[in-house]
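Number of protein chains: 2
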Amino acid sequence: MQQPCLTSPAKSLPRKSHAERLELSDSAMFDAAVKLIVEQGTAKTTLKAVGESAGYSRGLAGSRFNSKAGLYCFVIRRVADYWLDVMKKETRNKSGYEAIHATIDAHYQFSKKTPDSVRALYILWFESIGLDSDMRDVVAAIHRRRLSDVTEWITQGIGAGKISPDVEARAVAQYFLTSMFGIVYQWLIDPGQEREIENLHDNLKISMRYLLSKSGA
Amino acid sequence: MQQPCLTSPAKSLPRKSHAERLELSDSAMFDAAVKLIVEQGTAKTTLKAVGESAGYSRGLAGSRFNSKAGLYCFVIRRVADYWLDVMKKETRNKSGYEAIHATIDAHYQFSKKTPDSVRALYILWFESIGLDSDMRDVVAAIHRRRLSDVTEWITQGIGAGKISPDVEARAVAQYFLTSMFGIVYQWLIDPGQEREIENLHDNLKISMRYLLSKSGA
DNA sequence: ATTATACTTGTTTGCTACAAGCAATTAAAA
DNA sequence: TTTTAATTGCTTGTAGCAAACAAGTATAAT
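Going line by line, the protein sequences match chains A and B.
Counting from 43, one number per residue, gives the positions in the first sequence under my numbering.
Counting from 43, one number per residue, gives the positions in the second sequence under my numbering.
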């Protein structure tokens, strides 16, 4: 008469290894955190609520991540790592303006496909300015990595003769990322205005093509 | 032998009207809030600390602003209103690219003159994304006002024949503000890198001049 | 003197952070 | 294999603190 447990089937049906349990609860809490952050912001999101709405106890989130900042670092890393992977694939064998163009489009797709994750990422990203040392460091590291990627595309473009050697790769790369943040900011405060967001992307493409063609090939 | 009170001279020497007391405590709490926000971020800033480090009681900040969000709205308004005034003066009798150029420079000066106020403003500004309805509305209102100003400059520039009528005033204005935010973001996370910030401003000027000259006069 | 306004103090509620404990899995010993 | 010990995931208990609000005091306005 052995029946499968009815209370939480997916979670407790078979025997689970520690690694499996960990990944399961991590995922559940990630989802819960993203949902809560997007719905009510970080200030009103509580560790208690994350644990409970993930289907666990009041204290699990705190126990796992030690602090709110710890949880938020976890969320940032989880989304950013995924994004860095996607970007790597999308720009494989590309350089110069071509790679930048591909990134803009990929980013746009990413934020259409899983808007909540992306929103949560950038909400946390922007909040990390109001420094909580840990988060700042995590964000800064990701930013540095992105910057070096973009700079690399531009210098490769210069090497391939597609872009004038006069272009200051790092400065333009910085400008690109900076503008992207501006656009993301706009998207966050006005999620509905798809037309406007596309306009911003278009103007960024125009500006980038121009900046990369200055006194060039 | 009547001596001036030694404990808090500036505050209690003569008889103060209610309006004066209010302005005095508002200013003191504004300064305290800015300092605390810049130093430890919004999460660790407490109403208690604001009241006390302004030289008042534990409870004044809460009583005056009702909530943390209320305090932050007050800070945002106080800085933003001042900035809007400055900008109005700086762009008087200017339009088109000229006005935008002036704004970029004025903003740069503003953030060099009172960096803490500006930092606090934008820390709060960016955090308002992770919505606390009140703050979002305050920020959105300021943003709309800025956008309409910039759009106006561009349409005036078109009217004056300085800019091509093909230019989509609002879209370009949006792009401008958006890029400015990106730059501010960069400044916030890397306050030291003056050279880079100036580069970003330069590249923005270049982009704007280009966008405003497209198929134009 | 009375009312209104700035400001303070007392209290409730809820969250974070941490400590201690339970329960399941894994590793080691018999 | 069976038994035992150690590790790890997770839960519960609690201290400390801040937000929010109610009630009170003190100062200025009428």
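All C-beta atoms, glycine included, are put in the ideal place defined by N, C-alpha and C.
Unbroken alpha helix (DSSP H) stretches of 4 residues or longer found wholly inside the segment 121–157 of chain A: 138–155, given in chain order. At a cut-off of 7 Å between beta-carbon atoms, I196 (chain B) makes no contact with chain A. A residue is called buried once 16 or more other Cβ atoms fall within 10 Å of its Cβ, and A211 (chain A) is buried on that count.
Here N245 (chain A) carries a helix assignment [DSSP, helix/strand/coil]. With a contact defined as Cβ atoms closer than 8 Å, W195 (chain A) and A141 (chain A) qualify at about 4 Å.
The segment 57–90 of chain B contains, as complete alpha helix (DSSP H) runs of 4+ residues, the segments 60–86 (chain order).
For T84 (chain B), the neighbours in chain A by C-beta distance under 9 Å run, in chain order, A85, E169 and G172. Taking a contact to require three or more Cβ pairs closer than 8 Å, the segment 159–178 of chain A and the segment 158–168 of chain B qualify as touching. Looking from the CA of E240 (chain A), the closest CA among A:Y252, A:I200 and A:H149 belongs to A:H149. If you compare the alpha carbons of B:T133, B:R106, B:R134 and B:T220 with that of F72 (chain B), the shortest gap goes to B:R106. In the displayed model, L173 (chain A) falls within coil according to three-state DSSP, outside both helix and strand.
Per the coordinates, the alpha-carbon of S69 (chain A) lies some 44 Å from the alpha-carbon of K154 (chain B). Contact annotation for F107 (chain B) against chain A: no contact, minimum CB-CB distance about 15 Å [criterion: below 7 Å]. The DSSP-derived three-state label of Q216 (chain B) is helix. The beta carbon of A91 (chain A) lies closer than 7 Å to those of L78 in the same chain, with the five residues before and after it left out. At a Cβ-Cβ threshold of 7 Å, L242 (chain B) and T220 (chain A) count as neighbours.
The continuous alpha helix (DSSP H) containing R106 (chain B) extends over residues L102 to F107.
Here S99 (chain B) carries a coil assignment [DSSP, helix/strand/coil].
Scanning chain B for C-beta atoms nearer than 8 Å to the C-beta of T220 (chain A) yields S221, G224, I225, Y227, Q228 and L242, reported in chain order. Using a CB distance cut-off of 7 Å, I165 (chain B) counts as an interface residue toward chain A. Between the beta-carbon of A215 (chain B) and that of V192 (chain B) there is about 4 Å, and that keeps the pair under the 8 Å contact cut. Per DSSP, reduced to three states, the secondary structure at G93 (chain A) is helical. Among the residues of chain B, those whose CB is under 8 Å from the CB of E238 (chain A) are A213 and Q216, following chain order.
Judged by their CB atoms, G224 (chain B) and G224 (chain A) are nearer to each other than the 7 Å cut-off. Annotated three-state conformation of Q228 (chain B) is helix, per DSSP.
Rounded to whole angstroms, the separation of the alpha carbons of D208 (chain B) and Q235 (chain A) is 22 Å. Between Y252 (chain A) and chain B, the shortest Cβ-Cβ separation is below 7 Å. Here the C-alpha atom of K247 (chain B) lies approximately 7 Å from the C-alpha atom of H143 (chain B). I184 (chain A) does not reach chain B, its nearest Cβ partner there being about 12 Å away, counting only Cβ pairs nearer than 9 Å.
The closest CA to that of V180 (chain B), considering only B:R120, B:G201, B:S59 and B:T88, is found on B:R120.
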